[in-house]
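Residue numbers for the sequence shown follow the numbering used here, beginning at 133 and rising by one. For reference, the structure is listed below as structure tokens.
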Amino acid sequence: RRPISLPRLAQMREAGEKITMLTAYDATFAAVADAAGVEAILIGDSLGMVCQGLPSTVGVSLDTMAYHTESVTRGLHRVQGTAWVVADLPFGSYHESREQALRSACRLMQAGAHMVKLEGGGWTAPTVQFLVERGIPVCAHLGLTPQTVHALGGYRVQGKGDAAAAELRRHALELQDAGAAMLVLEMVPAALSASLTQELPHCHTIGIGAGKGTAGQVLVMHDMLGVNLGKNPKFVHDFMQEAGSVRGAMQAYVRAVKNGSFPDDALHAW
Ligand code: KIV
Ligand code: NA
Numbered sequence: 133r134r135p136i137s138l139p140r141l142a143q144m145r146e147a148g149e150k151i152t153m154l155t156a157y158d159a160t161f162a163a164v165a166d167a168a169g170v171e172a173i174l175i176g177d178s179l180g181m182v183c184q185g186l187p188s189t190v191g192v193s194l195d196t197m198a199y200h201t202e203s204v205t206r207g208l209h210r211v212q213g214t215a216w217v218v219a220d221l222p223f224g225s226y227h228e229s230r231e232q233a234l235r236s237a238c239r240l241m242q243a244g245a246h247m248v249k250l251e252g253g254g255w256t257a258p259t260v261q262f263l264v265e266r267g268i269p270v271c272a273h274l275g276l277t278p279q280t281v282h283a284l285g286g287y288r289v290q291g292k293g294d295a296a297a298a299e300l301r302r303h304a305l306e307l308q309d310a311g312a313a314m315l316v317l318e319m320v321p322a323a324l325s326a327s328l329t330q331e332l333p334h335c336h337t338i339g340i341g342a343g344k345g346t347a348g349q350v351l352v353m354h355d356m357l358g359v360n361l362g363k364n365p366k367f368v369h370d371f372m373q374e375a376g377s378v379r380g381a382m383q384a385y386v387r388a389v390k391n392g393s394f395p396d397d398a399l400h401a402w
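Here it is in structure tokens:
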């Protein structure tokens, strides 16, 4: 297998093949996900909750993100993995200035990431452009943005209603114009994320709780393996139930996304 690159992801999209993404935070699970055929691995700041036991992603530091990014990329290197590696810029590491964002992004790129992800629209577009112009691929993240949970007032569906949908659409188009090559859409109505996907030919939409009309899907690995400190969000499917092994569950996830059986809009959409 050849390494997954941005041109390869564009090719897949052109061919109508769904992009699969899973989070991973350590060497071994990253290698297993890669072997299962997952194209993109996200070192998500969700590690604050699943690895560190924090109440939200707000407390995750850049040092911690770099540590886990190094662990994941060493694991992939060991098995000659091919996955595209995306690392989250944590809360506070890109908010101050474009220069601060660049320094933080360089740290994660030097830890082995191929792309960095940041949350939010509007003010982030110039930051995205600043990074992209300097050779750093950027994934944006709209809808439910967990780093702003306290401002949003909880983990709930976003982009509902005409005004909220129009604002989300405007942010998405601005982020594509700024050069974002990927966009996570979290907990937004399926119809909105499907139409956005049509409007963003150069920016691959990756949905989580956003219906099946996106270019790809992402889940938090622990959630799809059915291990969780709380209760699973309603859009998650526990792939371990039928598969019985971690690798089998990841393979089942890849199959289900590729053949369109996950997500099931009747069960998982808003
Ligand atoms: O941190 C994370 O795991 C994420 C995904 C849920 C998209 O941002
Ligand atoms: Na995240």
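From the three backbone atoms N, C-alpha and C, an ideal C-beta is built for every residue, glycine too.
- Query: Would you say THR196 touches the ligand NA, meaning its beta carbon is less than 7 Å from a heavy atom?
  - Reply: For the purposes of this step, residue 196 is identified with residue 64 of the sequence shown, where counting begins at 1. Because no heavy atom of the ligand NA lies under 7 Å away, the Cβ of THR196 does not count as near it: no.
- Query: For ASP396, which option in ALA283, GLY380 and VAL368 has the closest C-alpha, if you only look at C-alpha atoms?
  - Reply: As a position in the sequence shown, residue 396 is number 264, starting the count at 1. Residue VAL368 is the option with its Cα nearest to ASP396.
- Closest Cα partner of VAL320 within the set THR346, LEU305, LYS249 and GLY311: For the purposes of this step, residue 320 is taken as the residue at position 188 of the sequence shown. Ranking the options by Cα distance to VAL320, first place goes to THR346.
- Task: Would you mind working out which of ALA323, GLN373, GLY339 and ASN391 sits nearest LEU154, comparing C-alpha positions?
- Result: Within the sequence shown, the letter at position 22 stands for residue 154. Residue GLY339 is the option with its Cα nearest to LEU154.
- Task: Flag this pair as yes or no: are the beta carbons of VAL378 and GLN349 separated by less than 8 Å?
- Result: As a first step, residue 378 must be located in the sequence shown, where it is residue number 246. As a first step, residue 349 must be located in the sequence shown, where it is residue number 217. Going by C-beta atoms, VAL378 is not nearer than 8 Å to GLN349.
- Message: Could you check if PRO278 belongs to the surroundings of the ligand NA, using beta carbon to heavy atom distance under 7 Å?
- Response: As a working mapping, residue 278 is identified with position 146 in the sequence shown. PRO278 Cβ: within cutoff of the ligand NA.
- Item | Of the residues ARG210, ALA312 and LYS150, the one placed nearest VAL386, counting alpha carbons only | Taking the sequence shown and counting its residues from 1, the one referred to as residue 386 is at position 254. When only C-alpha atoms are compared, the closest one is LYS150.
- Task: Determine, using beta-carbon pairs with one atom in the segment 213-231 and one in the segment 183-193, whether at least three such pairs fall under 8 Å.
- Result: yes
- Query: Can we count HIS400 as close to the ligand KIV, meaning its CB is less than 7 Å from some heavy atom?
  - Reply: Working through the sequence shown from its first residue, we reach residue 400 at position 268. No, Cβ of HIS400 sits at least 7 Å from all heavy atoms of the ligand KIV.
- Item | Residues that DSSP places opposite CYS271 in a beta bridge | Position 139 of the sequence shown, counted from the first residue, corresponds to residue 271. DSSP lists LYS249 and MET314 as partners of CYS271.
- ILE128: beta carbon under 7 Å from a heavy atom of the ligand KIV? One cannot answer for residue 128 here, as it falls past the ends of the chain, which runs 133 to 402.
- Task: Classify THR189 as helix, strand or coil using the three-state DSSP reduction.
- Result: To locate residue 189, count along the sequence shown from 1; it is residue 57. Here THR189 sits in helix by DSSP.
- Item | Between the CA atoms of GLU331 and THR214 - distance to the nearest angstrom | Here residue 214 refers to the residue found at position 82 of the sequence shown. Here residue 331 refers to the residue found at position 199 of the sequence shown. When rounded, the distance between both Cα atoms is 29 Å.
- Message: Between the segment 177-185 and the segment 154-164, can you find at least three pairs of beta-carbon atoms closer than 8 Å?
- Response: yes
- Message: What residue range does the alpha helix (DSSP H) around ALA323 cover?
- Response: Taking the first residue of the sequence shown as position 1, residue 323 is located at position 191. Per DSSP, ALA323 belongs to the alpha helix (DSSP H) from 322-331.
- LEU357, DSSP secondary structure in three states: As a working note, residue 357 is residue 225 in the sequence shown. Three-state result, LEU357: coil.
- Query: Is GLY176 near the ligand NA, going by C-beta to nearest heavy atom under 7 Å?
  - Reply: Position 44 of the sequence shown, counted from the first residue, corresponds to residue 176. Checking the Cβ of GLY176 against the ligand NA gives yes.
- Message: Could you pull the DSSP bridge partners for THR155 from this structure?
- Response: Taking the sequence shown and counting its residues from 1, the one referred to as residue 155 is at position 23. Note: THR155 sits in a beta bridge opposite LEU174.
- Query: Count the other CB atoms within 10 Å of the CB of LEU250; is the residue buried (16 or more) or exposed (fewer)?
  - Reply: For this step, residue 250 is matched to residue 118 along the sequence shown. Result: buried.
- Using only the heavy atoms of the ligand NA, determine whether one of them is closer than 7 Å to the beta carbon of ASP403. This structure does not reach residue 403, given that the chain is present from 133 up to 402, and the question cannot be answered.
- Task: Kindly identify the DSSP beta-bridge partner or partners of HIS209.
- Result: Start at 1 with the first residue of the sequence shown, and residue 209 comes out as number 77. Its beta-bridge partners do not exist; DSSP assigns none.
- Short check: CB of ARG145 to CB of HIS354, under 8 Å? Here residue 145 refers to the residue found at position 13 of the sequence shown. Here residue 354 refers to the residue found at position 222 of the sequence shown. No, Cβ-Cβ distance for ARG145 and HIS354 is not below 8 Å.
- Roughly how many angstroms separate the alpha carbons of LEU315 and GLY376, rounded to a whole number? As a position in the sequence shown, residue 315 is number 183, starting the count at 1. As a position in the sequence shown, residue 376 is number 244, starting the count at 1. Their Cα atoms are separated by approximately 32 Å.
- Query: If we call anything under 8 Å between Cβ atoms a contact, is HIS273 one with GLU318?
  - Reply: The residue labelled residue 273 in the question sits at position 141 within the sequence shown. The residue labelled residue 318 in the question sits at position 186 within the sequence shown. Cβ atoms of HIS273 and GLU318: closer than 8 Å.
- Message: At the level of alpha carbons, what is the spacing between LEU361 and HIS209?
- Response: Within the sequence shown, residue 361 is the residue found at index 229, counting from 1. Within the sequence shown, residue 209 is the residue found at index 77, counting from 1. Taking the straight line from one Cα to the other gives about 30 Å.
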